[in-house]
Structures are given as structure tokens and as C-alpha cells.
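Notes follow the structure.
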Amino acid sequence: MTIIFAVGGLLILTLILASIAHRYHAFVEERRQHVQRILKRVEEIDGIIQRMVGLPIPVELERLLRRDIVARLQAVKGIHAGFKGINGMIAQARQAVEQAAVSAVTGDLSEQKVERFSRLTGEIEWLLKEDRLLVGINDQEREQLLEMIDTRRMETLYGYHMREANRKLKGNQLHQAQWHCEQVKSMLSSHGLENEQIEGWYKEADQLHQQVARRLS
Numbered sequence: 000m001t002i003i004f005a006v007g008g009l010l011i012l013t014l015i016l017a018s019i020a021h022r023y024h025a026f027v028e029e030r031r032q033h034v035q036r037i038l039k040r041v042e043e044i045d046g047i048i049q050r051m052v053g054l055p056i057p058v059e060l061e062r063l064l065r066r067d068i069v070a071r072l073q074a075v076k077g078i079h080a081g082f083k084g085i086n087g088m089i090a091q092a093r094q095a096v097e098q099a100a101v102s103a104v105t106g107d108l109s110e111q112k113v114e115r116f117s118r119l120t121g122e123i124e125w126l127l128k129e130d131r132l133l134v135g136i137n138d139q140e141r142e143q144l145l146e147m148i149d150t151r152r153m154e155t156l157y158g159y160h161m162r163e164a165n166r167k168l169k170g171n172q173l174h175q176a177q178w179h180c181e182q183v184k185s186m187l188s189s190h191g192l193e194n195e196q197i198e199g200w201y202k203e204a205d206q207l208h209q210q211v212a213r214r215l216s
């Protein structure tokens, strides 16, 4: 009888240990997957930063995204303190925040760069509006950043379309020149001519538009 109880006890102990081992392995796997999801997002955010090079995107936005990377790496450490190299990764990410500088933009932007600029600013705008960043920012900071994006986008697109309109006009490509003028006027009108700067830009675009129209008539 004693032997039976002993064998039964060992069997129960074995089952308990097996259950503990199973739960531990499940925990480790879940933690691994969670860490990998965070690191994948870090790579995606870093990819946005790398695509900023050579574009007139405010350095404040780069700093924001780099701060977000720091926050995500700290989250990794919170989940898995022993994750290999995590302390070095955090230190490097913090250094990158401090070293973020205005991106050098040389010469006029090509159509391809303008399109890349528009896509990137749109992506960052979405991250802010949908609260998809892990780094903590308050509503006031979010609004300031969104306004900064909107202003830089307007400045960049205004400069590009006006430059192209003048170039097309000189090349007697009147319909293309007209299209660029219309793009500027439409963009500025959507802002309601809310300040003297925008109103002045609109007048310049309208004058050029009229000049093109006279050539077309």
C-alpha cells in the first residue's frame, strides 16, 4: 500500500512539474513574440527616419520618432530585462535623439522627392492623429507637431509647384503650367487664406495663373 501511495505521489508530482514546465515554456514563447512585435515596430519607425534624409522635414519630427524608438526599447526591457544587448540599444537610441539635426537639403526638390515628402509627412501625421506612438506626448504638443507638418507641407508644395509653373511657362508648356498654378491655388484655398503669408502666396499664384491663361487665349 505504501508503495502504491509513493508511486501515486510521484505521478502527481510529475504531472505538476510538467504543468509548470508547460506554463513556463508558454510564457517564454509569448514573451518572445511580444518582444519581436515591438522590435519590428522599432524597425518600421527607423525606416521612416531613414527615408527623411534629404527632405525638408522638421527635425522636431525626427526627434519625436527617435524618442518613440527609445520608449519601445524600454518596453522591451520591461518585458524581458535579460534581452541580449538591450541596454546598449537603449543607450544608442538615446544618443541618436541628442544628435538629431536638421537634414541638409541641396538644390530644388524633384517630383520624386516631393512625392516622397508628401507620403512621409502623411505617415507621420497619421501616427500622431491616431495616437500610434508609444512615446508620451500631450494634446498641446500633438497639435503643435501637426501644425508644423501642415505648414512645412504647404511651404514645400508651394515652392515646388510655383517653380514648376514658371519653368513650364518659359518652356511654353502652358497646360502643364496652368495645372501647377491650379494645384497651388487649390491647396491654399483649402486653408481659407488664414494669414498674410498664405494670402500673399495665393495672389502670386493667381497672377501667374492669369498670365498663363492670357497666353492660352
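Numbering-wise (numbering that gives the first Met the number 0), the sequence shown opens with residue 0 and increments by one.
We treat Cβ as the ideally placed atom computed from N, Cα and C, and that holds for glycine.
Q. Roughly how many whole angstroms lie between the Cα atoms of R152 and R22?
A. Using only the alpha carbons, I get a separation of about 52 Å.
Q | Cα-Cα separation between R66 and A80, rounded to whole angstroms | A | The alpha-carbon atoms of R66 and A80 are separated by roughly 20 Å.
Q: Compare the C-beta of D130 against all C-beta atoms of chain C and say whether one is closer than 8 Å.
A: Going by chain labels, chain C is absent from the structure shown, which holds only one protein chain.
(Q) For L64, which residues in the same chain have their Cβ closer than 7 Å to its Cβ, ignoring the five residues on either side in sequence? (A) In the same chain as L64, and ignoring 5 residues on each side of it, the C-beta atoms closer than 7 Å to its own belong to I44, I47 and I48, in chain order.
**Q.** Proximity of V69 and A100 at Cβ, strictly below 8 Å
**A.** In terms of Cβ geometry, V69 and A100 do not form a close pair [threshold 8 Å].
Q: Can you tell me which of P57, M51 and E61 puts its alpha carbon nearest to the alpha carbon of L132?
A: Checked all of P57, M51 and E61; the closest Cα to L132 is E61.
Q: For the region 165 to 179 and the region 139 to 148, state whether three or more C-beta atom pairs, one from each stretch, are separated by less than 8 Å.
A: Output reads no: the region 139 to 148 does not touch the region 165 to 179.
**Q.** Closest Cα partner of A204 within the set L108, R118, Y157 and L16
**A.** If we check each option's Cα against that of A204, Y157 comes out closest.
**Q.** Helix, strand or coil at D130 according to DSSP, with G and I counted as helix
**A.** The answer is coil: DSSP assigns D130 none of H, G, I, E or B.
Q: Quick one: give me the first and last residue of the alpha helix (DSSP H) that I56 is part of.
A: Counting along the chain, I56 falls outside any alpha helix (DSSP H), and DSSP gives it neither H nor E.
Q) Roughly how many whole angstroms lie between the Cα atoms of Q98 and V104? A) Those two C-alpha atoms are separated by around 18 Å.
Q) Considering only residues of the same chain and omitting the five flanking positions on each side of M88, which have a CB-CB separation below 6 Å? A) Cβ within range, chain order: L72.
Q: Measure the alpha-carbon distance for E114 versus F26 and round it to whole angstroms.
A: E114 and F26: Cα-Cα distance of roughly 45 Å.
Q) How would you label Q225, buried or exposed, when you count the other beta carbons within 10 angstroms and need 16 or more for buried? A) Here the chain has residues from 0 to 216 only, and residue 225 is not among them.
Q | Rounded Cβ spacing between M161 and V183 (contact assumed at less than 8 Å) | A | Indeed they touch by this definition, with Cβ atoms about 6 Å apart.
**Q.** Close Cβ partners of Q210 (< 8 Å) along its chain, the five nearest in sequence each way excluded
**A.** Taking C-beta separations shorter than 8 Å and ignoring five residues to either side along the sequence, the partners of Q210 in its chain run L168, following chain order.
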